[in-house]
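Q:
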Amino acid sequence: MELYQKTIHEINDLLDKKEVTVTEVTQAVVNRINAVEKNTDAYLSLQTEEALEAAQGLDTELSGRTQRTPLEGIPYGLKDNMCTRGILTTCASKMLYNFNPPYNAEVYDRLSEAGGILLGKTNMDEFAMGSSTENSAYKKTRNPWDLNKVPGGSSGGSAVAVAADTAFYTLGSDTGGSIRQPASFCGVVGMKPTYGLVSRYGLVAFASSLDQIGPFTKDVEDCALVLNAIVGHDAKDSTSLNLEKIDYTNNLKQGVKGLKIGVAKEFFGEGLQPEVRKSLEEAIAIYKTLGAEIVDVSFQHLDYALSAYYMISSAEASSNLARYDGIRYGFRAEEYSDLVDLYKKTRSQGFGDEVKRRIMLGTYALSSGYYDAYYKKAMQVRTIIKADFDQVFGGCDVLLTPTAPTTAFGIGEKTSNPLEMYLTDIYTVPVNIAGIPGISIPCGLDNSGMPIGMQLLGPILSEETLLKAAWAFEQESGLTNLKASLGTEV
Amino acid sequence: MEYEIVIGMEIHVELGTKTKIFCSCPTEFGQDENTHTCPVCLGMPGVLPVLNEKVVEYATRAGLALNCEIAHFSKMDRKNYFYPDLPKAYQTSQFDLPICTGGAVGIEVDGVKKDIGITRIHIEEDAGKLLHESADGTLLDVNRCGVPLIEIVTEPDLRSAEEARAFAEKVRNILEYTGVSDCKMEQGSMRFDVNLSIREKGTEVLGTRTEMKNLNSFRALIRAVQYESKRQIIELKKGREIIQETRKWDDTKGVSSSLRSKEEAHDYRYFPEPDLVPIVLEPSYIERIKSKLPELPEAKKKRYVEEYKLPEYDAGVLTTTGVTARFFEEAVALYNEPKQISNWMMVEIPPLLKENEQSMETITITPALLVELLKLVRDKVISGTSGKEVLKEMFVSGKNAGDIVKEQGLAQMSDTGELEAIIEKIVADNPKSVEDIGAGNEKAYGFLTGQVMKATKGKANAQVANEIIRAVVARHLA
């Protein structure tokens, strides 16, 4: 196996034994980028020169030490909606085509502190709105399992970088499934932690009450390692939880004996690809052999989650994105007659169609006369969905669902039908609505060899349990650190 | 038909916290443009607000001082609108769950006392400032962005410009006392919005109202209310309907004009601020702030009358502002002559403040320095007249009273021997006056006293001099 194909914990072993240097590791992944990035287009911008320099510096430093920390010297990528001082942060939008933040996202600071080596900023749907990364203003990222297919979204670039071995891990953001769905489409591990576990400071907001940063990794153990580095209270984020830190690798390998895994029919409804259903059924069987108890659970109001999600997320987005007015930074229309014209032209030209659609939807939902019927109702639904999950987790420890109804679809296949695109998030959005954690791990391949993802959900702050359950399955099924062909299936 | 004016007010007050409401930038006024900013108050992508605890404390204090209920649970909301002085394109404010509700403030106009209801007080952030007069077009100064404000909303309980003024002054007085704001109107720390409507006296239903925003002086407040009420009454008398609108008050021209109609009014699309958690205040927190509230103007005034035996008028003047009251109390603590201190503070100090472009906030004379001077006057080391000159000099040179008296040789002449010699000569030189006195014209004494003061350059102790004059004149007449 090539160096760039390895997991973080495998590289850690080599680095700790001084069998490789950080420079060799970084050079390997940079070479890989040079070889395949033209096919995958996972990155919007690259920092490979700086990465190699940093690697050399770190090697010098490590030569005088016996100890190193788990992410020290491991090259990674960041979704381009996380602020990086002096490095373009565009959110894949024309609106921020020239935006160089004078501050760092808290997660970037933490990873820098942990010795991480930034390779570049990954592609995404504009302002994280989308499910295929096709809404990027700059490029289309391709699924390494079939270059004619989408990687999912909105964190498509981050998923692809890990799947194509052009990063050992990446961070994404998940507002309605934007980590889990692309992880599922690309055959990697992706986790959305409990709302408030990871600081949102410096994450360019889409929907503040739903956004959460999380890792993409090649296997579950790596996920625990990255999570360890990014969680924790941040005084700069008022919604950040102030809890004692735990090491997510501690109980990782304890197995699932006696664990109650819930299965709800509401997650296996219409529109579910037969191979996905079959794959999930096999996963359930595996869990049984591992000693988990499978229980039937059911939801009362899950049908309303997707509608409520689009109301709440769009409402918040309409307000969060209002600051892009061409006055202080970013794009400004070249010609305008007065202030209102400046606003109109800048925003008409600077935003893509999907972003405009959500802004209009959200503005409408908050307008006087419509507020009660839309936004307020959606907030009431949110409370009901939370209660629904509470009731379900009264009967099980973990809920097992498909991550998405289908495997990755073709590029251009759903771009003309927003509603169909929205439906690809149907199994992921309720999780953000409830603020609970969820992880997507590979659980098989469909008939055309595309990865299938399964989602494990748990109550607030159950990350440790989810990782434990995910790790046990991964070990038993052997579906770990999967390698994509980087070819086409046409 | 007799008309009645109905006024409700919204008062914006900048809180005197050291730092802004959601970041640690200083709030100081009058600094170079765009120097007190950071990514947070500039509303840059990805930044998040953190509520300044002092803002909550100050708002709670203000609410308690204005007799409000303090909410155990309140929250922040976003008020969305586009304007270049608002970097986030929303103002973080409070909508349906404000921090304070249901207060009242007592006012007195022409001897009639009444309570003005406070509907609510909420916390919000100030916007920046547009500088239109630049040669480069309109420029933006964002120093003020994120300066914390409270907005005090009244019931429509006010009935005249005088009541509006009395209320505004009272609120200013109370807030200044509690230390939550300096209430400097010239710096925009206190601004008034007026909602005004007219109805037939005796009716209950409110007329259609207009709103005038950002009145930034008491004078503007009074004139705007007078103008607008007159305008509405004329409209009604002409049989026209009042249009619900926001009007702009032009203080230079003394007229108001339509700014935007109800139809053009913003739809602010308020919704709960998802980046902040609700404000939850324990009863013990509210109690603690309550127990630390300073004595408020009304109580202070009463105490001055009872404890210092001051006339009600004096007590009223001395308690107009917190700084004046503090000055007085410090002086009294050093020197227990309340009435003398009061006289000098009310009569002598104000013109000198004006002359030296100072105010009670910036006064260079300390209570201790004033007390030193007043003691010299009481002990007759200098005359009251000299005392006034000394005070004037204290303002100009900053020296203390003792030094000035010494340098200028202002100490009174009480040496009877020296005075007798001078008086002997004056009496001898003015036989006519002695004759007049002999003929029963007591006024001639005054002339002689005047001559003595002239000869001694005012330093003669008037009482001592008078006694000697009488003795010498008596001898001459004998």
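Chain order of the listed sequences is C and B. Note that this note's numbering has the first sequence beginning at 421, numbered continuously upward. Note that this note's numbering has the second sequence beginning at 2, numbered continuously upward. Glycine included, every Cβ here is placed at the ideal spot set by N, Cα and C.
Quick one: complete alpha helix (DSSP H) runs, 4+ long, within the region 688-754 of chain C?
A: 694-709 and 725-740, all fully within the region 688-754 of chain C.
Q: Locate the beta strand (DSSP E) running through B:S198, then write down its first and last residues.
A: Looking at the DSSP string, the run of the beta strand (DSSP E) that includes B:S198 is M191 to E201.
Q: Short of 9 angstroms Cβ to Cβ, which residues in the region 615-629 of chain C face chain B?
A: Answer set for the region 615-629 of chain C: S619, R620, Y621, G622, L623, V624, A625, A627, S628 and S629.
Q: Return helix, strand or coil for C:V910, following the three-state DSSP convention.
A: Because C:V910 carries a pLDDT of 44, less than 50, the predicted location of this residue cannot be relied on, and the following value inherits that uncertainty. C:V910 falls in the coil class under three-state DSSP.
Q: Give the residues of chain B in contact with C:A703, contact being defined as C-beta atoms less than 9 angstroms apart.
A: Going along chain B, no residue has its Cβ under 9 angstroms from C:A703, so there is no contact; the nearest lies around 35 angstroms.
Q: Cα-Cα, which of C:S905, C:E774 and C:E884 is closest to C:M611?
A: Cα-wise, what sits closest to C:M611 is C:E884.
Q: Where does the unbroken beta strand (DSSP E) through B:N215 begin, and where does it stop?
A: Taken as a continuous stretch (DSSP letters only), the beta strand (DSSP E) holding B:N215 covers T211 to L216.
Q: For B:I223 versus B:A165, is the C-beta distance shorter than 9 angstroms?
A: Yes.
Q: In the DSSP assignment, find the unbroken beta strand (DSSP E) run with C:L661 in it and report its ends.
A: Here C:L661 belongs to no beta strand (DSSP E), and DSSP marks it neither H nor E.
Q: Within its chain, find whatever has a CB closer than 8 angstroms to the CB of C:D642; leave out the 5 residues flanking it on each side and keep chain order.
A: T427, I428, H429, F588, Y589, V609 and P635, listed in sequence order.
Q: Output needed for C:G389: all residues of its chain with C-beta closer than 6 angstroms, excluding positions within five of it in sequence on either side, in chain order.
A: Residue 389 of chain C lies beyond the stretch modelled for chain C, which goes from 421 to 910, so this question has no answer here.
Q: Between C:N501 and chain B, is any beta-carbon pair separated by less than 9 angstroms?
A: For C:N501, the answer is yes, since a Cβ of chain B falls inside 9 angstroms of its Cβ.
Q: What does B:G138 touch in chain C if you count any residue whose Cβ is under 7 angstroms from its own?
A: Near B:G138 there are no residues of chain C at all, since even the closest Cβ is about 11 angstroms away, more than 7 angstroms.
Q: Given a threshold of 16 other Cβ atoms within 10 Å of its Cβ, counted over all protein chains shown, does C:M406 qualify as buried or as exposed?
A: This structure does not reach residue 406 of chain C, given that chain C is present from 421 up to 910, and the question cannot be answered.
Q: So if I threshold CB-CB distances at 7 angstroms, which residues from the region 266-295 of chain B count as touching chain C?
A: Listed by position, the residues of the region 266-295 of chain B near chain C (Cβ gap below 7 angstroms) are D268, R270, F272, P275, D276, L277 and V278.
Q: Which residues, in order along the region 41-70 of chain B, keep a beta-carbon less than 9 angstroms from a beta-carbon of chain C?
A: Those residues of the region 41-70 of chain B that come within reach of chain C (Cβ to Cβ, closer than 9 angstroms) are V41, L43, G44, M45, P46, G47, V48, L49, P50, V51 and L52.
Q: Going by C-alpha distance, which of C:S532, C:D594, C:E439 and C:Q425 is nearest C:A448?
A: The shortest C-alpha separation from C:A448 is found at C:Q425.
Q: Any C-beta of chain C sitting closer than 9 angstroms to the C-beta of B:R79?
A: Yes, its Cβ sits closer than 9 angstroms to a Cβ of chain C.
Q: Among B:Y59, B:E330 and B:G203, which one has its Cα closest to the Cα of B:E3?
A: Among B:Y59, B:E330 and B:G203, the Cα nearest to that of B:E3 is on B:G203.
Q: Taking only beta carbons into account, state which residues of the region 121-136 of chain B come closer than 9 angstroms to chain C, listed in chain order.
A: From the region 121-136 of chain B, no residue has a Cβ closer than 9 angstroms to chain C.
Q: Look at the alpha carbon of B:T386 and the alpha carbon of B:A445, and state the distance between them as a whole number of angstroms.
A: If you take the alpha carbons of B:T386 and B:A445, they lie about 22 angstroms apart.
Q: Would you decide whether B:G9 is buried or exposed? Buried here means 16 or more other CB atoms lie within 10 Å of its CB.
A: By the 10 Å Cβ count, B:G9 comes out buried.
Q: With C-beta atoms as the reference, is C:V881 less than 9 angstroms away from C:L663?
A: Note on identity: in this sequence residue 881 of chain C is Leu, with Val being the wrong assignment. Against a cut-off of 9 angstroms, the Cβ pair of C:L663 and C:L881 comes out as a contact.
Q: Considering B:N81, what are the terminal residues of the beta strand (DSSP E) in which it resides?
A: From DSSP, the beta strand (DSSP E) with B:N81 extends over D78 to N81.
Q: Quick one: is B:P88 near chain C, going by C-beta distance under 9 angstroms?
A: Chain C, which has a Cβ nearer than 9 angstroms to the Cβ of B:P88, makes this yes.
Q: Which term fits B:M395, buried or exposed, when burial requires 16 or more other beta carbons within 10 angstroms of its beta carbon?
A: Looking at its Cβ environment, which holds 16 or more other Cβ atoms inside 10 Å, B:M395 is buried.
Q: Could you give the distance in angstroms between the alpha-carbon of C:G576 and the alpha-carbon of C:G750?
A: Cα to Cα, the separation comes out at about 23 angstroms.
Q: Any beta carbon of chain C sitting closer than 9 angstroms to that of B:L141?
A: With 9 angstroms as the cut-off, B:L141 counts as an interface residue toward chain C.
Q: Kindly say whether B:P85, judged by its beta-carbon, lies nearer than 9 angstroms to any beta-carbon of chain C.
A: At least one chain C Cβ lies under 9 angstroms of B:P85.
Q: Restricting to Cα atoms, I'd like to know which of B:E58, B:A136, B:E330 and B:L141 is closest to B:L150.
A: B:L150 has its Cα closest to that of B:E58, out of B:E58, B:A136, B:E330 and B:L141.
Q: Hey, B:V14 and B:S190: beta-carbon distance below 9 angstroms or not?
A: Contact flag set, yes.
Q: What residue does the beta strand (DSSP E) around B:A105 start on, and which one ends it?
A: Its beta strand (DSSP E) spans residues C101 to V110.
Q: Determine the chain B residues that contact C:F519 at a beta-carbon separation under 8 angstroms, and present them in chain order.
A: By Cβ distance, chain B contributes P46.
Q: What residue from C:I831, C:T553 and C:T844 has the CA that sits closest to C:P825's CA?
A: Selected option, being the one with the closest Cα: C:T844.
Q: Out of C:G814, C:I732, C:R485 and C:V624, which has the shortest C-alpha to C-alpha gap to C:C511?
A: Answer by Cα proximity: C:V624.
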